[in-house]
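Q:
2 protein chains.
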Amino acid sequence: MKAMNVDVKSLLNQGVELTDRALEELLPSVDTVPASIHGAMRHSVFAGGKRLRPVLAMQAGITIAGTLPPGIARLGAAIEMLHTYSLIHDDLPALDNDDLRRGKPTCHKAFGEAIAILAGDALQTRAFEVLAGLDAPPAATVQIIGLIANAVGTVDGMIGGQVLDIESEHLKPTPELVNAIHRAKTGALIRVSVVAGGVFAGATPNDVARLTLFGSKAGLAFQIVDDVLDLTVDSAQLGKTAGKDEATEKATWPAVFGIEQSRADAARLIDEAFAALDAYGSRADGLKAVARYLVERKN
Amino acid sequence: MKAMNVDVKSLLNQGVELTDRALEELLPSVDTVPASIHGAMRHSVFAGGKRLRPVLAMQAGITIAGTLPPGIARLGAAIEMLHTYSLIHDDLPALDNDDLRRGKPTCHKAFGEAIAILAGDALQTRAFEVLAGLDAPPAATVQIIGLIANAVGTVDGMIGGQVLDIESEHLKPTPELVNAIHRAKTGALIRVSVVAGGVFAGATPNDVARLTLFGSKAGLAFQIVDDVLDLTVDSAQLGKTAGKDEATEKATWPAVFGIEQSRADAARLIDEAFAALDAYGSRADGLKAVARYLVERKN
């Protein structure tokens, strides 16, 4: 991966700032009746996320349009609401039963299980409401909603991946299984963040095909690196319980391929992802820099 | 309420048939991987619902367009998915903790709590995906998605009503509280079923205003009658546990106003709802007949 003249830290910081501002504006205040659920939604949304999916959407928008498309932060905020809803439900006692997320009490620990379930539900609903209000041509808005709902759904989407993950605990993981879980559980939302950012910026069908290829490769690389970090970094640096995948016998990439092969696979996937963006020249530098960060990060 | 020449039973049966056919086509089969969640989604969706919200959407479509708009069954199916998702989550141990729904095991009883949570999540997602694929002009589709997401949300919508309902258990119910809960928890989705059906059929802003008024009144009347039935009809006839509202000290209309006043309020609300449809003459006969059924039903 060759060096590019992009300051990825400032791209990430700008993405966090724009996304947080949009989320602040789009989520009901904690004083809005009924107050408990709005407190719970904000608790989890503002728990310190890196906003990687919104940043990918924004950089994909720049790749297509040449500059940051006005209003794209709302698309990023909606995607972040969907990501946060999935974390809230994933942490519930009936699922992963986690008490901490990014060093803070999980939603059900702070607000009780009933409110946590409904807060997750409500973040999904609000995400689609925000998408319906995007400042884009109606046909693009409809396309974005359909793509995102598909990526969050049960067939090769986020929820389907969660179910596969639950069903496969304590089974011996195969390459096919871990690939299917990763592509669906985390890969689909990362891929659609890139594609939706492009569509918002006016992507043609050819652009959509390229961004889909890029997003698929980058999304899988991201999850492989996540698996490796879970095994190799301690909990303090990771901000969540390290080694948990191994303890719960989750189907992970290193469990199937080993750590060294996993690192090599992630690097190869990123190279392949970059190749999908050749047509865009330097306009894709920001998107590439963020993707490279995804696989070189330490937490 | 004067007699009309409409056979409401055949309208209802036709609505069930069209909705079930659309749901059958739109939900992944039980063989689709991962199978467990698709089984859970279908278990709850095909548990014998009366499809009242889809029927209201269809009759509102006829009120605006003069005939049943082609493709409106998919809109009804999406609304029914949202209704079913809310029932699955409402029945969970952390919320109402119900074992039976329409005489069958609730989703978490049949499939476990993790899959039930995700099945509810997935029905919401699939609903928005189906809405994004409606055969309507993109601007109408975007309007429908925004209206429905708003009606399902936390601010005067379905989830907000559920939270108010949970928070107010064991509190003495006031007229303001029970009104707020009913308008949000069940009223909002019934109202938006009517409005979305109209928008799908090409409603103007004036039409939307009339249908909103009609839907608000009919939705509140429906829930008042639901409360009265819970108190006055036995469990076998009701198909669910009768008297549960009183046992759990829920905020209900009869708890505040008494049974006789509740019945009178429901009848008055339906008369007011009908008045909102005067402009449509006999084209609204089907919609009125269904609304009258909502308040005259015995289960």
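Read top to bottom, the protein sequences are chains A and B.
Take the first sequence: its letters are residues 1 to 299, numbered as in this note's numbering.
Take the second sequence: its letters are residues 1001 to 1299, numbered as in this note's numbering.
All residues carry an ideal CB built from backbone N, CA and C; glycine is no exception.
All values reported here derive from a predicted model rather than from experimental measurement.
Can you confirm whether the stretch 164-179 of chain A touches the stretch 248-260 of chain A when touching is taken to mean that 3 or more C-beta pairs between the two stretches lie within less than 8 Å?
A: yes
Q: Would Leu211/A and Thr63/A be called neighbours here (beta carbons separated by less than 9 Å)?
A: yes
Q: With distances taken between CB atoms, is the gap from Glu1296/B to Lys1217/B smaller than 9 Å?
A: no
Q: If we call anything under 9 Å between Cβ atoms a contact, is Phe200/A one with Ile144/A?
A: yes
Q: Taking 9 Å as the threshold (beta carbon to beta carbon), is Ala3/A in contact with chain B?
A: Unreliable positioning characterises Ala3/A in this predicted model, as indicated by a pLDDT of 46, which lies under 50. A coordinate reading is not provided.
Q: Given that Pro34/A touches chain B, what residues does it touch there, using C-beta distances under 8 Å?
A: Thr1154, Gly1160, Val1163, Leu1164, Glu1167
Q: Who are Pro70/A's beta bridge partners in DSSP?
A: Its beta-bridge partners do not exist; DSSP assigns none.
Q: Asn1179/B CB to nearest chain A CB: under 9 Å?
A: no
Q: Work out the CA separation of Leu123/A and Arg54/A for me, nearest whole Å.
A: Here the sequence assigns Pro to residue 54/A, which means Arg is not the residue at that position. Approximately 16 Å, taken between the alpha carbons.
Q: Scan the stretch 90-123 of chain A and note each continuous alpha helix (DSSP H) run of 4 residues or more that stays entirely inside, going in chain order.
A: 107-111
Q: Considering only the alpha carbon of each residue, which of Arg1021/B, Thr1019/B, Met1041/B, Gly1243/B lies closest to Pro1028/B?
A: Closest in alpha carbon position to Pro1028/B, among Arg1021/B, Thr1019/B, Met1041/B, Gly1243/B, is Met1041/B.
Q: Cβ of Arg1126/B less than 9 Å from any chain A Cβ?
A: yes
Q: Just checking, does the stretch 1004-1020 of chain B make contact with the stretch 90-110 of chain A on the three C-beta pairs under 8 Å criterion?
A: No, the stretch 1004-1020 of chain B is not in contact with the stretch 90-110 of chain A.
Q: Take the Cβ of Gln261/A as the centre, count every other Cβ of all protein chains shown within 10 Å, and call the residue buried at 16 or more, exposed below.
A: Of the residues assessed, Gln261/A falls on the exposed side of the cut-off, its CB having fewer than 16 other CB atoms within 10 angstroms.
Q: Check whether the stretch 1057-1072 of chain B touches the stretch 1282-1292 of chain B, taking contact to mean three or more Cβ pairs, one atom from each stretch, closer than 8 Å.
A: yes
Q: Report buried or exposed for Asn150/A, applying the criterion of at least 16 other Cβ atoms within 10 angstroms of its Cβ.
A: buried
Q: By Cβ distance below 7 Å, which residues in the same chain neighbour Gly157/A in space, the five residues on each side in sequence not counted?
A: Spatial neighbours of Gly157/A in its own chain (CB-CB distance under 7 Å, excluding positions within 5 residues in sequence) are listed in chain order as Asn150, Ala151, Ala184, Ala188.
Q: Is it buried or exposed, Lys1002/B, if we count other Cβ atoms within 10 angstroms and call 16 or more buried?
A: Note that Lys1002/B scores 45 on pLDDT, short of 50, meaning its location in the model is unreliable and no value can be drawn from it.
Q: Just reading off the alpha helix (DSSP H) that Phe1214/B is part of, what are its end residues?
A: Phe1214/B -> alpha helix (DSSP H) spans 1205-1232.
Q: Determine the direct distance from the alpha carbon of Thr204/A to that of Ala65/A, and round the result to whole angstroms.
A: Per the coordinates, the alpha-carbon of Ala65/A lies some 11 Å from the alpha-carbon of Thr204/A.
Q: What is the DSSP secondary structure of Phe277/A, reduced to helix, strand or coil?
A: Reading the sequence as shown, one finds Leu at residue 277/A and not Phe. It is coil, neither helix nor strand.
Q: What would DSSP say about Val33/A, mapped onto helix, strand or coil?
A: coil
Q: Using 8 Å as the cut-off, can you tell me whether the stretch 1099-1108 of chain B makes contact with the stretch 1017-1024 of chain B, which would need three or more C-beta pairs spanning the two stretches below that distance?
A: No contact exists between the stretch 1099-1108 of chain B and the stretch 1017-1024 of chain B.
Q: Straight-line CA distance for Asp1165/B to Val1130/B?
A: Using only the alpha carbons, I get a separation of about 29 Å.
Q: Closest to Leu1294/B by C-alpha separation, out of Ala1264/B, Gln1223/B, Leu1075/B, Asp1234/B, would be which residue?
A: Gln1223/B
Q: Whole angstroms are fine: how far does the CA of Leu1026/B sit from the CA of Leu1082/B?
A: Distance between the alpha carbons of Leu1082/B and Leu1026/B is about 13 Å.
Q: Assuming His182/A is part of the alpha helix (DSSP H), what are its boundary residues?
A: 175-182
Q: I need the boundaries of the alpha helix (DSSP H) containing Lys1298/B, first residue and last residue.
A: Looking at the DSSP string, Lys1298/B is not in any alpha helix (DSSP H), and its letter there is neither H nor E.
Q: Please check if any C-beta of chain A sits within less than 9 Å of the C-beta of Glu1080/B.
A: no
Q: Return helix, strand or coil for Asp245/A, following the three-state DSSP convention.
A: Of the three classes helix, strand and coil, the one that applies to Asp245/A here is helix, per DSSP.
Q: Which of helix, strand or coil does DSSP assign to Leu52/A?
A: helix
Q: Distance cutoff 9 Å, beta carbons only. Does His1083/B sit that close to anything in chain A?
A: Output row for His1083/B: interface = no.
Q: Could you run through the stretch 95-113 of chain A and flag, in chain order, every residue whose CB is less than 9 Å away from some CB of chain B?
A: Leu95, His108, Gly112, Glu113
Q: Drop a sphere of 10 angstroms on the beta-carbon of Ala275/A, count the other beta-carbons inside from all chains shown, and report buried for 16 or more, exposed for fewer.
A: exposed
Q: Helix, strand or coil for Ala1127/B per DSSP?
A: Here Ala1127/B sits in helix by DSSP.
Q: Suppose the cutoff is 7 Å on Cβ atoms and the five residues either side in sequence are ignored; what does the same chain contact list for Tyr280/A look like?
A: Once the five neighbours on either side are set aside, the close Cβ partners of Tyr280/A are Thr63.
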